[in-house]
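Visitor:
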Amino acid sequence: MSGFRGMGLAVAMLAASGGVAYVTWSYISAKRKKQEQTQELVAELDHIQLERPEVQHPRKQVLVLGLDGSGKTSVLNSIVTNRGSHSTAPTEGIHAVCLTNGKSRMEFLEVGGSEKLRPFWEKYLDNALALVYVVDSTDHSRLPLAKMHLHQVVQQNSMLPLVVLANKQDLQMPPPICR
């Protein structure tokens, strides 16, 4: 009886190893067939000249907005040079700064914050990846105006990621006016 048991065990092991071998062979064969089909397809495509439209890569543009005098240009300059600057002329129009790191490129686009340029802000929202809204934290009298314009921009594109930057916190605040 023990001879039959040993023989049965040997047959079972042989069947199991045969099953494993069959599964392995099937997997390798399928993989080779797929590779051959891929190589044939690539060879066919090499002989065909396809006209491809130029692919428009999504822009990595960060839009920088805020009222005039909020410090947008100074913030951009400090990002680029890694140090702050306090005296900058007002931006009349657009100021662009590009940062490149290897294959990555990020463009910061500042649109001036003067009253005559604010209506143009919405034109740049569609190309933006994100919005940085710079506020002069020391100018309390203009905070309601800054808030109103921020709300208008957010209503134009409510899905755009937003960073509100309270700038000039390193400066002393002017003394309160007593009446």
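This note's numbering applies: residue 39 is where the sequence shown begins, and numbers increase by one. Heads up, the beta-carbon is just placed ideally off N, CA and C, and yes, glycines get one too.
1. Give me whichever residues DSSP pairs with residue 117 in a beta bridge.
2. Using DSSP bridges, identify the partner residues of residue 144.
3. Name the two residues that bound the continuous beta strand (DSSP E) containing residue 103.
4. Mind checking whether residue 75 and residue 167 have CB atoms under 7 Å apart?
5. Per the contact definition of three or more C-beta pairs closer than 8 Å, is the stretch 170-182 in contact with the stretch 201-211?
6. Are the CB atoms of residue 162 and residue 188 nearer to each other than 7 Å?
7. Indicate whether the contact test is met: 3 or more Cβ pairs, each with one atom in the stretch 144-164 and one in the stretch 125-136, closer than 8 Å.
8. By the three-class DSSP mapping on this structure, what secondary structure does residue 155 have?
9. Could I get the ranges of all uninterrupted beta strand (DSSP E) runs contained in the stretch 164-215, with 3 residues as the minimum, in chain order?
10. Which whole-angstrom value describes the C-beta separation of residue 191 and residue 103, a residue pair presumed to lie in contact below a C-beta threshold of 8 Å?
11. Which same chain residues, not among the five before or five after residue 113, have their C-beta less than 8 Å away from its C-beta?
12. Among 73, 139, 107 and 71, whose alpha-carbon lies nearest the alpha-carbon of residue 184?
Guide: Let me spell this out:
1. DSSP, once it has assigned bridges, lists no residue as partnering residue 117.
2. In the DSSP output, where bridge partners are listed per residue, residue 144 has 137.
3. 99-103
4. no
5. yes
6. no
7. yes
8. Coil at residue 155, not helix or strand.
9. 166-174 and 200-205
10. Indeed they touch by this definition, with Cβ atoms about 6 Å apart.
11. Within the same chain, residue 113 has close Cβ partners 102, 170, 172, 203 and 205.
12. 107
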